[in-house]
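Protein chains: 2
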Amino acid sequence: MTDDERDFLAGYDPRAYDPVAVTVDVVALTIRDGELHVLLVRRGGPPHAGRWALPGGFVRGVRDAEDLPAAAARELAEETGLQAGTEALGRVHIEQLGTYGAPGRDPRMRVISVAYLAFAPRLPDPTAGSDAADAGWCPVRALGLTASGAQRPGTTRELAFDHAQILSDGLERARSKLEYTPLATAFCAAEFTVPELRAVYEAVWGEELHAGNFHRKVLSVPGFVESTGASTDQGGRRGGPRARLYRAGDARLLHPALLRPGREEEVR
Amino acid sequence: MTDDERDFLAGYDPRAYDPVAVTVDVVALTIRDGELHVLLVRRGGPPHAGRWALPGGFVRGVRDAEDLPAAAARELAEETGLQAGTEALGRVHIEQLGTYGAPGRDPRMRVISVAYLAFAPRLPDPTAGSDAADAGWCPVRALGLTASGAQRPGTTRELAFDHAQILSDGLERARSKLEYTPLATAFCAAEFTVPELRAVYEAVWGEELHAGNFHRKVLSVPGFVESTGASTDQGGRRGGPRARLYRAGDARLLHPALLRPGREEEVR
DNA sequence: ATATGTTCTACTCAGGTCGAGATTAACTCA
DNA sequence: TGAGTTAATCTCGACCTGAGTAGAACATAT
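Residue numbers (the UniProt record's numbering), protein chains in the order written: chain V, 1 to 268; chain G, 1 to 268.
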């Protein structure tokens, strides 16, 4: 049977072809207490029972056929207990991350996973209203991810399947997108201060930034933030003047970009 | 039936679940006669008979299970007549572009396509040795793509399915990657001159660059190119001194980046 | 109330990069 | 031989960056 004949058959009866399952997995990131967190669910049954995994599920193919971003939004809504169409879910930014389909990544069968990346302001705890056995926001730092996408040995929360690699790719994407898009505003409330925005960058990049230069650059990028004219009611927790309030501007790209410091170690 | 029960069944017998087919499509780009070209095949049968499409095919799921990048390389090799493992194919850069799975994008059934992007130096014409009815390198400019990814009405070569959108995404990825990676060297021969490298940037970006500034920036980026010490045998076609020869360096990221000019029109 | 420390915002300064143009040398073609 | 073309280098002003400083506003402790 040639490829053409096989493709022809598969075009009209996929059951005659090799069975492949498609899932959607979500890397949902948020910031809690100044630290970056990812949404994880604990697997109830085999394989990898008891391990933590990214929320996900099979794509509905024909009945209730849904687009891939819609499937990702549905998975996120199911795990976080947020109702679709809610204003809180509407502020969530969702984008495609990549597709993972290495043979053997799921021991049961051939599974191809389309991974999505979601950014959101602080979301509620997913303990209530979720159909997963256990779910929660986990500090990314506690997962012991290395630069190559593997987990350091001895990590308490071992991720299932190749989810450590997917999460690592998602983190790199998020760190990179903060540089040249106004994505950081998706982590903030509707109105925010420049120091709050700086805290987002510091949490995602994992390093402290120069407050003065950050302030100057954010305000100099056209369309990044726009002033509301108001200020915070009180000063900072440990003193300082009241910060001015801003909301997200209409720019989709930051120019000039806010580049990460310490990128001297070019990958060779 | 709840989602959990359905997932359980699908985990062990995918035929009990909604049928979804997975294909791999390839956006193969090369430069011929100073212009950017994409590899297209003409569809023999319905749907979209007679239209041009990106080369692609179904993923082998269980028998001869192959990884997604391997499937993309296989599709490219089949259409171009290049043998796998050849040195010419080894110089081809392949990366994942994105996954397209909107319901109805293929009228026959639910098809989810994982798109790959391939860059290569000038490859042979795919007329011989290919199993497709017709295949060839098409100038990207002739397809009349708009910024939003659609084709201008009246274009002679109308692309099948959502392949105009996929190609448009691939072009934007390629243009962007030239900025901060040494990808342009993948379009060149093993040894090349700075003007040849500049011609690659001009072909992909579609605009002329300042020769002097380009020269200075390429040589100032550490690890981008390294000198061979040799020069070309003859000067340019229409005169001029002999250009020095370089080969690709070991950098994976360009710092500082070579940004596109005229990006003032930030997307708002 | 006063003192002390913290934080937001604004400003300055040296160094580097960028775009645009000019210049010199090398080469082809008529 | 002369004209035109091109590679490679240099100059110059505008702009951006990181680092540091300074002042004003605010919370907290004494």
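We put the beta carbon where it would ideally sit given N, CA and C, even for glycine. Predicted, not measured: the structure shown is a model, and the values here were computed from it.
Using a Cβ-Cβ cut-off of 8 angstroms, Ala251(G) counts as an interface residue toward chain V, since at least one Cβ of chain V sits closer than that to its own.
For Ala199(G) and Gly144(V), the gap between their C-alpha atoms comes out near 44 angstroms. Against chain V, the CB of Thr99(G) has a partner CB under 8 angstroms away; the residue lies at that interface. Rounded to the nearest angstrom, the gap between the Cα atoms of Gln96(G) and Leu68(V) is 17 angstroms. Proximity of chain G to Ala65(V) at the Cβ level (cut-off 7 angstroms) is accounted for by Pro103 and Arg110, in chain order. Straight through space, the alpha carbons of Ser176(V) and His163(V) are spaced by roughly 20 angstroms. For Pro55(G), the nearest beta carbon of chain V is not closer than 8 angstroms to its own beta carbon. Pairing Asp125(V) with Arg105(V), the inter-Cα distance amounts to about 30 angstroms. In this structure, the straight-line span from the alpha carbon of Pro121(V) to that of Arg244(V) is close to 20 angstroms. Legend: CB atoms of the region 215-243 of chain V lying less than 8 angstroms from CB atoms of chain G belong to residues Pro222 and Gly223. Rounded to the nearest whole angstrom, the C-alpha separation of Pro107(V) and Pro47(V) is 7 angstroms. Counted as a single uninterrupted DSSP element, the stretch harbouring Glu158(V) is not any beta strand (DSSP E), since DSSP gives it neither H nor E. Contact check between the region 231-246 of chain G and the region 184-194 of chain G: three or more CB pairs, one atom from each, fall below 8 angstroms, which counts as touching.
Going by DSSP, Arg74(G) is part of the alpha helix (DSSP H) stretching over Leu68 to Thr80. Residue pairing by DSSP places His93(G) opposite Phe119(G) in a beta bridge. Within 8 angstroms of the CB of Arg268(V), the CB atoms of chain G belong to Gly223, Asp250, Ala251 and Arg252, in sequence order along the chain. Between Gly170(G) and Asp25(V), the alpha-carbon positions lie close to 23 angstroms from each other. One Cα belongs to Asp250(G), the other to Ala77(V), and the distance between them is close to 44 angstroms.
Glu179(G) is not a Cβ neighbour of Leu253(G), given a cutoff of 8 angstroms. Short of 8 angstroms from the beta carbon of Gly240(V), and not among the five residues preceding or following it, lies no beta carbon of its own chain. Here Ala174(G) carries a helix assignment [DSSP, helix/strand/coil]. By the C-beta density criterion, Glu79(V) is buried, having at least 16 other C-beta atoms within 10 angstroms.
Under the 10 Å beta carbon count, Pro222(G) is surrounded by fewer than 16 other beta carbons and is classified as exposed. Counting C-beta atoms within 10 angstroms of its own C-beta, Gln165(G) has 16 or more neighbours from the protein chains shown and is therefore classed as buried. Taking 8 angstroms as the CB threshold, Gly50(G) stays off the interface with chain V. At a cut-off of 8 angstroms between beta-carbon atoms, Gln96(G) makes contact with chain V. Asp33(V) has its alpha-carbon roughly 43 angstroms from the corresponding atom of Arg110(G).
Counting the other Cβ atoms within 10 Å of the Cβ of Thr146(G) gives fewer than 16, which makes it exposed.
Residue pairing by DSSP leaves Ser148(V) without any beta bridge partner.
With distances taken between CA atoms, Pro19(G) lies nearest to Val59(V) out of His37(V), Phe187(V), Val59(V) and Ala150(V). Think of a sphere of 8 angstroms around the beta carbon of His93(G): no beta carbon from chain V falls inside it, the nearest being about 15 angstroms out. Following the DSSP letters along the chain, one finds Leu54(V) in no alpha helix (DSSP H), marked with neither H nor E.
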